[in-house]
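Be aware that the sequence shown starts at 1098, since it is given in our numbering, and climbs by one per residue. Quick notes on the structure that follows.
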Amino acid sequence: MKSTLRFSAGPKSHSSLICKSVTNAYLLSASSFTSTTSPDSTSVISPTATATVVASSTARIVYAPPPQVTSVKFSKTATKILIQFNVEVQFVSAEETCDEFFNNATVTTLGGYAECSLGHTKEVEIILGEGATINVGDPIEFKADVFKAHNEENGRFLNGSSSVDSPDVHLKPVPIIKGPNVLSSCGNLSLSGSQSFGSGGRPLIFKWSLISPNAGSNVTAITDILSNLSSNSDRVEIPGSLVESNETYLFKLEVANFLNTSEFEETTHSVIKVSDPVPALTLSSSIDLSEGKMFVSEEFHIRATVIVAPCASDARVQTSWAVTCSDPSAKDKVESSDGFRATKNQNTLKISKGVFTSDVNCTFTVTASMKYDPSVKTSISQDIKALPSPLEAAILGGDRLIGRNSGAIKLDAKTLTIDPDGTNHELSCSWSCAVLGGGLCNPTVDNDFILSTANGCITEVQSNHFFAGKTYVISVDVTKGSRSAAASIELTVVEGEPPAVWVDVANIKMNPNDRLTLQGYYKTNTEPTKVEWSCSEEQGFSFVELSGYNPVTSFKPGNNSFVLLTLPLNLLKPDSKYRFKLTINEGNEEGEASLAVHVRAGPTAGPSAGLSVSPISVQALNVVTLSASGWVTDQDAYPIRYSFGLLVEKDVCEAFGLPSNDLEREQIVPQGSGSDYILSLCVVVLDKFNSFAIRTFNITSSPPSSDDLTPDALESLLQSTVDNPLQSGNVDGALGAVMSIVDTVQTSNETTDEVKTNISRRTEEVVLDIVESTVIDQDLAFPLLTVLVKTNITASENSSRTANAALKILQKLDDKPLSDDLAGDFYTWVADLADDSIDNNDGLKETVGNALEKFADNIGTELKCGDPPREVSDDRLGSVKVQVAELKEEIVSSSRPGAPRFDPGPQLSKEYSGTRECGGGKLCCGVFLKMIRYEKNLIVADESKQTDDSQVVSSQIIGVDLRDPITKTPLVIQSLVHPLKLFFFIPSVPKEKKLGCVYFDEDKMVWLKTGLKAVGPVSSNFTCESTHATYFAPSHDSVLTKEQSSTDATGAIVGLVMGLLMGLLAVLLVILFILWKKHQKVTTELPQLEHRL
1098 MKSTLRFSAG PKSHSSLICK SVTNAYLLSA SSFTSTTSPD STSVISPTAT
1148 ATVVASSTAR IVYAPPPQVT SVKFSKTATK ILIQFNVEVQ FVSAEETCDE
1198 FFNNATVTTL GGYAECSLGH TKEVEIILGE GATINVGDPI EFKADVFKAH
1248 NEENGRFLNG SSSVDSPDVH LKPVPIIKGP NVLSSCGNLS LSGSQSFGSG
1298 GRPLIFKWSL ISPNAGSNVT AITDILSNLS SNSDRVEIPG SLVESNETYL
1348 FKLEVANFLN TSEFEETTHS VIKVSDPVPA LTLSSSIDLS EGKMFVSEEF
1398 HIRATVIVAP CASDARVQTS WAVTCSDPSA KDKVESSDGF RATKNQNTLK
1448 ISKGVFTSDV NCTFTVTASM KYDPSVKTSI SQDIKALPSP LEAAILGGDR
1498 LIGRNSGAIK LDAKTLTIDP DGTNHELSCS WSCAVLGGGL CNPTVDNDFI
1548 LSTANGCITE VQSNHFFAGK TYVISVDVTK GSRSAAASIE LTVVEGEPPA
1598 VWVDVANIKM NPNDRLTLQG YYKTNTEPTK VEWSCSEEQG FSFVELSGYN
1648 PVTSFKPGNN SFVLLTLPLN LLKPDSKYRF KLTINEGNEE GEASLAVHVR
1698 AGPTAGPSAG LSVSPISVQA LNVVTLSASG WVTDQDAYPI RYSFGLLVEK
1748 DVCEAFGLPS NDLEREQIVP QGSGSDYILS LCVVVLDKFN SFAIRTFNIT
1798 SSPPSSDDLT PDALESLLQS TVDNPLQSGN VDGALGAVMS IVDTVQTSNE
1848 TTDEVKTNIS RRTEEVVLDI VESTVIDQDL AFPLLTVLVK TNITASENSS
1898 RTANAALKIL QKLDDKPLSD DLAGDFYTWV ADLADDSIDN NDGLKETVGN
1948 ALEKFADNIG TELKCGDPPR EVSDDRLGSV KVQVAELKEE IVSSSRPGAP
1998 RFDPGPQLSK EYSGTRECGG GKLCCGVFLK MIRYEKNLIV ADESKQTDDS
2048 QVVSSQIIGV DLRDPITKTP LVIQSLVHPL KLFFFIPSVP KEKKLGCVYF
2098 DEDKMVWLKT GLKAVGPVSS NFTCESTHAT YFAPSHDSVL TKEQSSTDAT
2148 GAIVGLVMGL LMGLLAVLLV ILFILWKKHQ KVTTELPQLE HRL
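Now the structure itself:
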């Protein structure tokens, strides 16, 4: 669904806005005017400026004036033109296109495939196309009879033209020179200005010059090279022979954009040539190195690209980083950090967020030395200043409606205010109040100002202090240490006591690639008759229809109730603002709250931007150059990074390597597909906030020649494109090359099984070496996994080592889920790994099991409540299924026939259906449900602790894991009063066995029956009831044979008879003993009597 406003395309006299809107026209009876028309006649008037009156014998018609253009200007990134009107407008053309809106002369200047649409009811938005030439001062000429005031049946149409103005904020180009500061004795000098930005999406104007030295024959030759460059030359190539040793050369680059071709910004770059074959060093980073500033709360990555001199006798390079800071304690903090210690001897240095000390300057120096002679080395330094991160102030509740009888209104600027740096300073707040539209915030009860006595970051004000019919702007200035920030909300006051409705914050800024989750709250005693999220149509805001999306609600009488709505991906338009409103109707009164959502522009392909590839027709295993120029993004979102790769499914670009500031990449390519050998290449363009855009380009990549596929030729190719880059620390280049090589060899019909096996093993060894010697992050994990799953794991010489590498890679994928294509490839690869040999290898079993657990976590990362589940399966291994489920009904563990089913039971269903407050205080619904089913038993149990002879049915093992859908922390499911149930399909049971239920105790590492109840089987369906959640399986338990039963019964009878006889004998002995005791007593007493006589 497009998020632009849509208007009807009917007859011109009856055009109308499809969505609801405030009308600009009014119908009045003719008696309202002094006229001679008949009593039943009507007139149409407009609240706008001068109207035209046309009289007839029966009625007079008042014609509304045409809309007036109030401004025509370039957007802040200069990739759009925004046209604003004085009134709401509608168009009467058949389609929403540039050709329908403007005349041919204007359309030609907008570029190929330009897009024109109504951004909102008072604005036309033009997204400029490829080759746009329109500039400041050029006219925009409207077609006649297209635009008129909205809902004006007799409105006049806009005609004429308006000239284009500059953006509100001056778009200043930023020049950047990338190149070595030290040139080797045998190298040529290459300087690039391609990372310069602020172009407005069109080519920058470049001017190169040499500042010093300013004399000498070689200087003249260098100057001639620079002066002969065209204005669009973003790079310089100077032969090393023209550069004298031990002489410092200072180059200057000036850049301008099309908005002002005479206003140049400049930067300089120094180079010195040395007498040794030192490696060339250049730097790129996650931050803008031209400024060298970052926030304490940001992660810091800086990457050194090493190019070995052509005359070096060996390609192996040792890299090391060092740091100095203006504050010794800040230096110690950096050096002792885990990231610095782990990566200080790698090409990319990584420092975690929170390590830097605010307002302290640090200098990072990287040294690259040749391993064959460490004295042959070069260094380059970069100054970095860490700034305190801005506070993110927020007032809990958002913009909302209150009644004068609503009582105390809580104002909370503490709960949701964020300090990204997490400092220990106290938070202080200063409150203020204003009336929207003007006026003083005098309360109704006295003459003092509202909030005059408010103190602290959490305070309150009485609702009866406000006047009904007014909207009050409540503002707060939040201070923490030396930092401050402001936030405000609007309270619209009505009489009575409408339902209390609120949201978290009044304003949200989001990436265009993210999904928006609207979460709201209300408190009523009776269940509302209306619970609705909607998009408001207001001036300056875009509109999207929400009536087709149903929120998830949870009503709790007299307590806080929740409303949750997650919108689909790409529903909201980049570089737009929306206002979303939550409405609660309790029958007699209606409450509401709203929030404004600002969608970032994200990377935008300007009129000359996108992706180009040269050449466009090659043989596989040859090199092409991919180039992505002219991209722009929000001014606060630079630098832009580029990740080139292969398009494997819609909007999924399989990266060759790491994202980089380099907008060009030389890449060996694999063979294309189909009869025409089409190869779809792509680039993912990312900005600082990880907003991204994808562009594609198709080339022809025909099969390689048979000579290129011989063992010797492939080994030579691997040596030059994989091994040599790895020796200089260029993991990125090596990964891209080996990915194309293994892909081409494995799919070729011209290679033998032996060659395929050897290439697979070589590729596997490359991946293992990188995993075991490099600190892996998310950017590196994806291409590593992509390469690994292209190998033939059955040819592996050490499957346990490879499985451990796969587990380590999965652990670094973090919150970025695998694509469907890569997830399927990985699961198949694991199925190949878990062959029969795994049965006797408990270590491999455990690793594979842990890998599948991490895999399941990953593919469910971005799932929301109501999304369809993600499932991957293989007949040899089993299945993995993840979803966010409300547990309202029975859930099948897999789409495979006969798969186990999970019934959560009434207790879990009641607890986890609907919305509730989850981890981090965020609203959620349901649980993150992970179900892993094994076809073979990968659970490693301690058999020495097994207390019975139960045999687990390996093909029916299923793990049921319930987690918090926000934090993904496990939910403790135990001691259920109403048990959960697992249903298994067991078509047959071995003779002399019966079915039982077991679960795996992870602490004791043993299968147990405690707390389980077996029911059935009935018609091959067997049920296990449990009071807790874990891994479950049916078991085969021993039963007695008929012969054993007969023998045991006879023994039991004999035992019973013998027992009776023995019992009788014992009774008889007792009686005799008693009689004897009595006899003994008499004979004892008689002698005593005799003695007394």
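Backbone N, C-alpha and C fix where the C-beta goes; we use that ideal spot for every residue, glycine too. On a predicted model such as this, the values are computed, not experimentally measured, just so you know.
Check: Counted within 10 angstroms of its Cβ, other Cβ atoms place Cys1530 as buried (16 or more) or exposed; Outcome: buried
Check: Rounded C-alpha distance that separates Ala1583 from Ser1572; Outcome: 7 Å
Check: Residue environment, Lys1245, which counts as buried when at least 16 other CB atoms sit within 10 Å; Outcome: buried
Check: Residue(s) in a DSSP beta bridge with Trp1630; Outcome: Leu1679
Check: Assigned exposure category for Gly1519 - 16 Cβ within 10 Å defines buried; Outcome: exposed
Check: Any beta strand (DSSP E) of 3 or more consecutive residues that is wholly inside the region 1375 to 1415; Outcome: 1377 to 1382, 1390 to 1392 and 1397 to 1404
Check: Of the listed residues Cys1422, Thr1416, Gly1707 and Arg1859, nearest to Ile1838 (C-alpha basis); Outcome: Arg1859
Check: Buried/exposed call for His1522, threshold 16 Cβ in 10 Å; Outcome: exposed
Check: Beta strand (DSSP E) runs contained entirely in the region 1241 to 1267, provided each spans 3 or more residues; Outcome: 1244 to 1246 and 1257 to 1260
Check: Closest residue to Val1068 among Val1279, Ile1322, Phe1453 and Ser1383 (Cα-Cα distance); Outcome: What the structure shows of the chain is the stretch from 1098 to 2190, and residue 1068 is not part of that stretch, so it cannot be assessed.
Check: For Thr1871, the three-state DSSP class (helix, strand or coil); Outcome: coil
Check: Assigned secondary structure, Asp1866 (DSSP; H/G/I helix, E/B strand, else coil); Outcome: helix
Check: C-alpha distance - Val1119 paired with Asp1242, whole-angstrom precision; Outcome: Below a pLDDT of 50, predicted positions are generally treated as unreliable, and Val1119, at 31, falls in that range; no measurement from the model is reported.
Check: Residues bridged to Val1166 (per DSSP); Outcome: Phe1182
Check: 4-residue-minimum alpha helix (DSSP H) runs that sit fully inside the region 1190 to 1224, ordered along the chain; Outcome: 1195 to 1198 and 1201 to 1206
Check: Where Tyr2096 falls: helix, strand or coil (DSSP); Outcome: strand
Check: Opposing strand residues paired with Gln1616 [DSSP bridges]; Outcome: Leu1661
Check: Asn1657 classed as buried or exposed, judged by whether at least 16 other C-beta atoms fall within 10 angstroms; Outcome: exposed
Check: Contact the region 1207 to 1215 vs the region 1228 to 1236: 3+ CB pairs below 8 Å; Outcome: yes
Check: Same chain, Cβ closer than 7 Å to Asp1876, neighbours up to 5 away in sequence not counted; Outcome: Leu1755 and Pro1756
Check: Inter-residue spacing [alpha-carbon to alpha-carbon] between Glu1363 and Gln1843; Outcome: 50 Å
Check: Stretch pair the region 1702 to 1713 + the region 1617 to 1627: three plus CB contacts closer than 8 Å; Outcome: no
Check: Glu2191 burial status per 10 Å Cβ neighbour count (16 or more: buried); Outcome: Here the chain covers residues 1098 to 2190 and nothing more, so residue 2191 does not appear.
Check: Length of the line joining the Cα atoms of Lys1511 and Glu1334; Outcome: 57 Å
Check: Own chain, CB closer than 6 Å to Gly2113, minus 5 neighbours either side, in chain order; Outcome: Phe2119 and Thr2120
Check: Cβ separation of Gly1703 and Val1729, assumed to be a contact under 8 Å, to the nearest whole Å; Outcome: 5 Å
Check: Residues near Tyr1091 by beta carbon distance below 7 Å, same chain, minus five either side; Outcome: What the structure shows of the chain is the stretch from 1098 to 2190, and residue 1091 is not part of that stretch, so it cannot be assessed.
Check: Cα-Cα separation, Phe1130 to Glu1192; Outcome: With a pLDDT of only 29 at Phe1130, under the threshold of 50, the placement of this residue in the model should not be trusted; the figure read from the coordinates follows. Cα-Cα distance, rounded: 39 Å.
Check: C-beta atoms of Asp1840 and Gln1764 nearer than 9 Å; Outcome: no
Check: 6 Å Cβ shell around Asp1083 - same chain, five flanking residues per side excluded; Outcome: In the structure displayed, the chain extends from 1098 to 2190; residue 1083 sits before or after that span and is not available.
Check: Ile1308 versus Asn1315 - alpha carbon distance; Outcome: 14 Å
Check: Closest residue to Leu2199 among Ser1893, Asn1855 and Ala1834 (Cα-Cα distance); Outcome: Outside the shown range of the chain (1098 to 2190) lies residue 2199, about which nothing can therefore be said.
Check: Buried versus exposed call for Ala1106 [16 or more other C-beta atoms within 10 Å across all chains shown]; Outcome: No answer about Ala1106 holds up, because its pLDDT of 30 lies below 50 and its placement is not dependable.
Check: Own chain residues within Cβ distance below 7 Å of Asp1480, not counting five before or after; Outcome: Gly1389, Asn1458 and Thr1460
Check: Residues near Leu2161 in its chain [Cβ-Cβ closer than 8 Å; skip 5 each side]; Outcome: With a pLDDT of only 43 at Leu2161, under 50, the local geometry of the prediction cannot be trusted, and no value is derived from it.
Check: For Met2028: DSSP bridge partner residues; Outcome: Lys1978 and Val2057
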